[in-house]
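**Student:** Numbering (our numbering), first residue to last: 2 to 210.
Heads up, the beta-carbon is just placed ideally off N, CA and C, and yes, glycines get one too.
Remember, it's a predicted structure, so these values are computed and weren't measured experimentally.
One structure, pasted below without further comment.
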């Protein structure tokens, strides 16, 4: 009986030794591995979250940049379209309507006569020249103009009767002794009116843009 008890005690001690020297270190090592694995997993998860955030931020930035480029391109296209529209409207209104109206009005004999009266009287008053020739447009009758001129102006033109020029409207007065010409033709009048009117036109029609 004692021999059996001694044998059991030996087995028990051996088991305790095995447990202490093998199982417990293994358990500690396993716990260590599990802890390190968990820490590593947490680190990987954190890095993954950081990378995901970075990717999302970069994507947002890229989208924002593309949106800005799109908006900028759209704004530029809109601006160019509006400018083209303005130019088209101005071209149609100014180069068409104004030119036609100026030619019509500046070739009318009564208006041409008033221009000649003002120019000739100014020349004589200032003593600029005594030798000059008046030209009216190809659309104006010199005889009709002469009938509307002031008496003193008509007398001043006896030496050089009114001539017909190649322009469409207005008047030219050549100072023969000065080799100069005073030019107030339809071209100059139209250009003046366009430059004068264009600013107001833009302000009222296009809100000053």
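Name the DSSP bridge partner or partners of residue 181?
**Tutor:** 176
**Student:** Residue 107 to residue 188, Cα distance in whole Å?
**Tutor:** 10 Å
**Student:** Beta-carbon separation of residue 169 and residue 138 under 8 Å?
**Tutor:** yes
**Student:** Just to confirm the assignment, what range does the alpha helix (DSSP H) spanning residue 103 have?
**Tutor:** In the DSSP assignment, residue 103 falls within the alpha helix (DSSP H) that extends over 100 to 107.
**Student:** So residue 113 is in the alpha helix (DSSP H); what residue range does that whole segment cover?
**Tutor:** Here the alpha helix (DSSP H) through residue 113 covers 110 to 127.
**Student:** From residue 68 to residue 59, what does the alpha carbon distance come to, in whole angstroms?
**Tutor:** C-alpha separation (whole angstroms): 14 Å.
**Student:** Please classify residue 121 as buried or exposed, where buried requires at least 16 other C-beta atoms within 10 Å of its C-beta.
**Tutor:** Buried is the call here.
**Student:** Do you know offhand how far residue 82's Cα is from residue 116's?
**Tutor:** Any reading at residue 82 must be qualified, since the residue scores a pLDDT of 48, below 50, and its modelled position is unreliable; no value is offered.
**Student:** By Cβ distance below 8 Å, which residues in the same chain neighbour residue 112 in space, the five residues on each side in sequence not counted?
**Tutor:** 106
**Student:** Any idea which residues DSSP pairs residue 164 with across the strands?
**Tutor:** 136
**Student:** For the putative contact between residue 157 and residue 110, defined by C-beta atoms under 8 Å, what is the C-beta separation to the nearest angstrom?
**Tutor:** No, residue 157 and residue 110 are not in contact; Cβ-Cβ is about 18 Å, not under 8 Å.
**Student:** Nearest-angstrom Cα distance between residue 62 and residue 40?
**Tutor:** 32 Å
**Student:** Using the beta-carbon count (16 or more within 10 Å), is residue 114 buried or exposed?
**Tutor:** buried
**Student:** Select from 124, 44 and 119 the residue whose C-alpha is nearest the C-alpha of residue 178.
**Tutor:** Proximity to residue 178 across 124, 44 and 119 peaks at 124, based on C-alpha coordinates.
**Student:** How is residue 152 classed by DSSP in three states: helix, strand or coil?
**Tutor:** Helix at residue 152.
**Student:** Should residue 52 be labelled buried (16 or more other beta-carbon atoms within 10 Å of its own) or exposed?
**Tutor:** exposed
**Student:** Given residue 160, which residues of its chain have a CB within under 6 Å of its CB, disregarding the five upstream and five downstream residues?
**Tutor:** None.
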